[in-house]
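Heads up: the structure comes next, in structure tokens.
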Amino acid sequence: MTSIDPSLYLKNQQTHTSGSSTLEKDDFLKILMTQIQNQNPLDPMKDQEFVSQMTQFSSLEQMTNMSTAFQSFTEQQNMSSLITYSGLIGKEITYSSKDQGELKTDVVAAVTQKEDGTYVELQSGSLVDVQDVTKVGQKNGSGKQET
2 MTSIDPSLYL KNQQTHTSGS STLEKDDFLK ILMTQIQNQN PLDPMKDQEF VSQMTQFSSL
62 EQMTNMSTAF QSFTEQQNMS SLITYSGLIG KEITYSSKDQ GELKTDVVAA VTQKEDGTYV
122 ELQSGSLVDV QDVTKVGQKN GSGKQET
């Protein structure tokens, strides 16, 4: 009987990382195909095991697709609020000033989308969170605000 070369033990093998510690659906398919190609012909994989693994793959693929769709939906919702608030451009708004705690009035020059929310840029140069707007009106020629 011959002995096994100790350098072949798993604990002595070097591990190689590809940069990512998560398995993608392509990785799962590669593992499954390798497993099928290298199975013992005298003891092939049972149908139930194969179906179970295919079900797991299908679930993984559906979760990945849902995650992608949800991310796309979130991005569209952010753009939707920008389009919604663009109707404020040229309107006179009243907003609560956080630094002084008083109500101020100014005309909206632009709408800006940032990571933390949607803001209106005023003609005075101020940037106001749309959550702070308390009143919106149409400015008429006499300088009085119409609501």
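Quick note on my numbering: the sequence shown kicks off at 2 and runs consecutively. In this text, a Cβ means the ideal position worked out from N, Cα and C, and glycines have one as well. Given the structure is predicted, the values throughout are model-derived calculations rather than measurements.
For residue i, the nearest candidate out of the options (CA to CA)
i, options, result
"GLU76", "PHE58, TYR96, SER60 and GLU116", "GLU116"
"PHE29", "PRO42, GLN54, GLN114 and PRO45", "GLN54"
"THR85", "ALA70, ILE94, THR119 and GLN63", "THR119"
"GLU122", "PRO42, LEU83, GLU62 and THR56", "LEU83"
"LEU89", "LYS31, SER73 and THR135", "THR135"
"ASP107", "THR113, GLN124 and GLN114", "GLN124"
Nearest-angstrom Cα separation, counted from residue j out to residue i
i, j, result
"VAL1", "LYS99", "Here the chain covers residues 2 to 148 and nothing more, so residue 1 does not appear."
"THR35", "LYS47", "16 Å"
"LYS92", "ALA111", "10 Å"
"VAL129", "MET80", "18 Å"
"MET67", "ASP27", "17 Å"
"GLN40", "THR56", "19 Å"
Where residue i sits in the DSSP three-state scheme
i, result
"ASP90", "The residue you asked about is not Asp; residue 90 is Ile in the sequence shown. It is coil, neither helix nor strand."
Counterpart residues of residue i in DSSP-defined beta bridges
i, result
"GLY118", "LYS115"
"GLY138", "GLU93"
"ASP107", "ILE94"
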